[in-house]
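Working notes, beginning with the structure itself.
2 protein chains.
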Amino acid sequence: MDRTATVPLLAEAFRAHGYQGASLAVLSAATGLGKGSLYNFFPGGKEEMAAAVLAGIDSWFETNVFAPLRTAGSDGTAIDRMFDSVTDYFRSGERICLPGAFALGRERDVFADAVSGYFERWIAALADALEAQGIAAARARASATDVVAGIQGAIVVSRALSRPEAFVDSLARLRAAITA
Amino acid sequence: MDRTATVPLLAEAFRAHGYQGASLAVLSAATGLGKGSLYNFFPGGKEEMAAAVLAGIDSWFETNVFAPLRTAGSDGTAIDRMFDSVTDYFRSGERICLPGAFALGRERDVFADAVSGYFERWIAALADALEAQGIAAARARASATDVVAGIQGAIVVSRALSRPEAFVDSLARLRAAITA
DNA sequence: GTCTATAAAGCGATAGAC
DNA sequence: GTCTATCGCTTTATAGAC
């Protein structure tokens with residue numbers, strides 16, 4: 001087991017337990033590694049593990065979501081693919097958005113650049129794709145913000161109601177509204 | 181100091197630190213009461229404190245938001261007042277929604293009824309107000325869900341970007357969209 | 001009703017054997 | 001690179017004085 005292989009396992013543990021709830025005992029069980037091994041990979045401890053997880057999430061979104069949006073054409077296929085990717089990624093709202101969850105707590109201040117950068121680049125990339133469809137810059141930015149916020153809110157509400165379909169339904173309406 | 185007076189102080193502590201981050205030391209400092217006094221009011225400890233806080237939040241929304249929406253007329257003033265109340269309550273996105281934050285973590289399962297009930301009644305009340313404007317039931321429910329989710333997402337995004345104006349701007353657009 | 005003292009358990013982190 | 005043992009601290013919760 002090398003360091004990079006542990007990151008997705010740590011990510012699921014942080015998503016399931018939250019930053020504070022993911023104790024070293026939990027992280028140890030999630031990876032199958034002793035505490036000593038984890039500290040060998042991450043000398044900075046839990047904070048370095050969470051930073052690596054956020055970087056991994058950012059990298060995935062950069063490749064699969066942000067970059068395709070930035071190079072989008074004038075048809076809406078890039079935005080359509082974003083909705084498909086995101087619906088998959090969040091597993092119909094059962095999997096939370098870690099940068100979003102961190103934004104609501106103290107973690108926001110500790111991981112400020114990672115959290116703000118993730119949302120800033122998501123919104124900017126989606127705004128680019130909307131501009132490529134001929135929408136004016138200011139309106140594109142506003143709509144992009146509303147869609148990203150709508151996705152985050154859909155995770156919250158669908159989880160609160162324990163109704164994963166609510167996430168899928170909300171994303172379908174966001175998609176219809178933005179492609180109209 | 182009596183039990184009811186501690187609840188708003190505990191609420192701010194839970195909002196600022198999260199459920200797990202709000203240790204008894206934090207809650208003691210927030211209320212100015214020793215641990216012994218807190219256990220005197222809340223024999224069930226931290227979990228009973230959080231339950232009381234959620235009940236207090238629910239009660240405030242029931243009075244100030246849900247009930248007015250249910251008895252709304254055919255003009256949009258009740259919905260307008262909801263947006264005013266909510267913008268104030270969340271302090272332009274600097275104050276988080278505790279039921280929303282709980283929905284993203286393990287707390288959702290511990291406080292399942294309080295969390296789901298809060299969102300269920302908010303959505304149902306807003307849907308009632310939309311139906312009073314002549315909107316069909318299914319569409320009213322969908323729009324109400326989108327507005328409530330949009331508010332939750334606006335809190336997440338505005339906090340992530342550390343831009344409180346983003347919350348106010350998002351709510352203004354949600355208001356314009358729903359009253360159109 | 002409020003406090004201090006304390007118990008028992010869990011925490012993050014480190015040391016050192018292998 | 002992985003482990004176990006352990007340190008020092010904080011946690012929740014209780015006991016008991018006032």
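Protein chains in written order, with the numbering used here: chain A, 1 to 180; chain B, 181 to 360. We put the CB at the ideal spot given by N, CA and C, even for glycine.
Residue i, DSSP secondary structure in three states
i: residue 1 of chain A; result: coil
i: residue 213 of chain B; result: coil
i: residue 155 of chain A; result: helix
i: residue 341 of chain B; result: coil
i: residue 316 of chain B; result: coil
i: residue 28 of chain A; result: helix
i: residue 203 of chain B; result: coil
i: residue 181 of chain A; result: Given that chain A is displayed from residue 1 to residue 180, the structure contains no residue 181 of chain A and the question cannot be resolved.
i: residue 6 of chain A; result: helix
i: residue 360 of chain B; result: coil
i: residue 14 of chain A; result: helix
i: residue 111 of chain A; result: coil
Sequence-distant residues of the same chain with beta carbon closer than 8 Å to residue i, five excluded per side
i: residue 346 of chain B; result: 273, 334, 337 and 338
i: residue 276 of chain B; result: 195, 270, 335 and 339
i: residue 227 of chain B; result: 290
i: residue 248 of chain B; result: 258, 261 and 262
Anticipated Cβ contact below 8 Å, residue i with residue j, distance rounded
i: residue 306 of chain B; j: residue 330 of chain B; result: No, residue 306 of chain B and residue 330 of chain B are not in contact; Cβ-Cβ is about 11 Å, not under 8 Å.
i: residue 238 of chain B; j: residue 294 of chain B; result: 7 Å
i: residue 11 of chain A; j: residue 53 of chain A; result: 5 Å
i: residue 171 of chain A; j: residue 296 of chain B; result: Contact flag wrong, Cβ pair sits at about 20 Å.
Nonlocal neighbours in the same chain, by C-beta distance under 7 Å from residue i, ignoring five residues either side
i: residue 144 of chain A; result: 123, 126, 127 and 130
i: residue 45 of chain A; result: 39
i: residue 140 of chain A; result: 127, 130 and 131
i: residue 35 of chain A; result: 24 and 28
i: residue 26 of chain A; result: 13 and 17
i: residue 327 of chain B; result: 306, 354 and 358
Neighbourhood of residue i by C-beta distance below 6 Å, restricted to the same chain and skipping five residues each side
i: residue 313 of chain B; result: 254
i: residue 236 of chain B; result: 187
i: residue 183 of chain B; result: 221
i: residue 189 of chain B; result: 210 and 211
Kindly confirm or deny that the segment 189–204 of chain B and the segment 274–288 of chain B touch, where touching means at least three C-beta pairs closer than 8 Å.
-> yes
Is the number of C-beta pairs between the segment 69–77 of chain A and the segment 25–43 of chain A that are closer than 8 Å three or more?
-> no
Return the chain-ordered ranges of every alpha helix (DSSP H) run that is complete within the segment 218–285 of chain B and spans a minimum of 4 residues.
-> 226–241, 247–250, 257–269 and 278–283
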